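Single-structure report; data block below.
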Amino acid sequence: MIETKRLILRRLSKEHGAGFQEIFNHPDFYYLGAVSCNGDGHAYLDKRLALQNFDADGTTPISASYAIILKSEDKVIGYQSAGDNHLLPEMAKYGWELGSFIHPDHQRKGYATEAREAMLKHLQDTYGQKLFYSTVDPENIASVSVLTKCGFEKKEELRDDTVACLFKGPRDIYALNLEQN
Numbered sequence: 058m059i060e061t062k063r064l065i066l067r068r069l070s071k072e073h074g075a076g077f078q079e080i081f082n083h084p085d086f087y088y089l090g091a092v093s094c095n096g097d098g099h100a101y102l103d104k105r106l107a108l109q110n111f112d113a114d115g116t117t118p119i120s121a122s123y124a125i126i127l128k129s130e131d132k133v134i135g136y137q138s139a140g141d142n143h144l145l146p147e148m149a150k151y152g153w154e155l156g157s158f159i160h161p162d163h164q165r166k167g168y169a170t171e172a173r174e175a176m177l178k179h180l181q182d183t184y185g186q187k188l189f190y191s192t193v194d195p196e197n198i199a200s201v202s203v204l205t206k207c208g209f210e211k212k213e214e215l216r217d218d219t220v221a222c223l224f225k226g227p228r229d230i231y232a233l234n235l236e237q238n
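Residue numbers for the sequence shown, in our numbering: 58 to 238.
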């Protein structure tokens, strides 16, 4: 569990299914993973749970997912993942991939930044990880803003047909190297 002033990031489990479905049902919610599961929050949760795994010694996550819970309401308001498994293998040079989403009703309140900063600190302190990246739709201004607030810098623009097929459109790569900060 990772805790901040306003949030708890709890390792993903079946108990978070209803919260995910509530997010997925919101008419303004968009997340590529939700599209691949036809808007079924429980199916997305099952998919993420199946992907969670650890290295051979059982201590370092290869892929770990967390529900973002708003303390004041004890309610799932989002999702944060971290992992060393890459949809595009060439992205491994940037370190671990981070992904996230926040319920539209809870956006623009600093929760995404708070969760991202807490996750970065946890991964650095617990696993010694210092290299991270995220792929983002270049038109998703809110996500770009969160990344830049957390110190990420734009490194690449992915515009080829493979990327368009995998991500349903163009993507920019934002990376962070905590060794340089």
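Positions of the beta carbon are idealized from the N, C-alpha and C atoms, including for glycine.
On a predicted model such as this, the values are computed, not experimentally measured, just so you know.
The Cβ-Cβ distance between Ile59 and Leu69 does not fall below 8 Å. About 7 Å separates the beta carbon of Arg228 from that of Asp194, a gap short enough to meet the 8 Å contact definition.
Collapsing the DSSP output to three states places Tyr151 in a helix. Annotation for Leu180: the continuous alpha helix (DSSP H) segment containing it runs Tyr168 to Tyr184. Its Cα nearest to that of Asp218, the residue Gly226 stands out among Ser157, Gly226 and Lys211.
With fewer than 16 other beta carbons inside 10 angstroms of its own, Tyr87 counts as exposed. Taking all protein chains in view, the Cβ of Gly98 is crowded by 16 or more other Cβ atoms within 10 Å, so the residue is classified as buried. Beyond the five residues adjoining it in sequence on each side, Leu106 comes within less than 7 Å, by CB distance, of Leu69 in the same chain, given in chain order.
Just so you know, the alpha carbons of Lys128 and Tyr136 end up roughly 14 Å apart.
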